[in-house]
């Protein structure tokens, strides 16, 4: 089984996989922001949260220690978090698609050319840029009432109050930076072949072993 990647390309495929997994996992876990409410630890993502307030039958306010996503897109606390959810999701999807293709390039000969590798690197740059934009938008939602209740009523845009950023936020930002800076650069040296291979021609030659000889005879 051949490979269409150079040694640098193999390193690129490995790092692409790591950045895609790190960013995608951070996207889904509600560990971007940590705080407390009514003495219970509370955590947020962009579209999910853990531990939320609810009313009992006696109308008492209690904290339900469960994790889940918001009931609807409009229920996400702020517009900036809604935009963050969309752009970071698209960015993670791009990184995952490139990582999958890069891994296939390690096993399939003539799948990724130098030109294709650079195109995939450009897609990684766009994906990382989208994720970085989402991370930059996230602090704009800290002034929403739901977040202020968790952060001691002292949070504002770019001011956390009593809350703190979680590991998933840093992991998301680190994955985006690695995709934009390292993976994009390595992709320029990933492919073995300078030009893309015409898959249809390869299939026809495999089906007709005399195709190459016939083509040579016609040229003569």
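In mature numbering (1 follows the signal peptide of the UniProt record, and there is no 0), the protein residues as written are -24 to -1, 1 to 196.
For each residue, glycine too, the CB sits at the ideal point set by N, CA and C.
Predicted, not measured: the structure shown is a model, and the values here were computed from it.
Sheet register partners of residue i (DSSP bridge)
i: residue 30; result: 38
i: residue 9; result: 20 and 141
i: residue -20; result: 167
i: residue 43; result: 26
Beta-carbon proximity of residue i to residue j, cut-off 8 Å
i: residue 32; j: residue 18; result: no
i: residue 22; j: residue 151; result: no
i: residue 123; j: residue 68; result: no
i: residue 39; j: residue 74; result: no
i: residue 127; j: residue 117; result: no
i: residue 148; j: residue 54; result: no
i: residue 159; j: residue 114; result: no
Option nearest residue i by Cα separation, candidates the options
i: residue 14; options: 58, 6, 54 and 29; result: 29
i: residue 2; options: 164, 162 and 142; result: 142
i: residue -9; options: 113, 91, 72 and 165; result: 72
i: residue 99; options: 157, 112 and 114; result: 157
i: residue 207; options: 165, 166 and -12; result: Not covered by the structure: residue 207. The range shown for the chain is -24 to 196.
i: residue 47; options: 64, 5, 24 and 57; result: 24
i: residue 12; options: 146, 155 and 129; result: 129
i: residue 112; options: 45, 153 and 5; result: 153
Cβ separation of residue i and residue j, assumed to be a contact under 8 Å, to the nearest whole Å
i: residue -14; j: residue 168; result: The Cβ separation is near 14 Å, so there is no contact.
i: residue 9; j: residue 139; result: 6 Å
i: residue -22; j: residue 85; result: 6 Å
i: residue 64; j: residue 110; result: 3 Å
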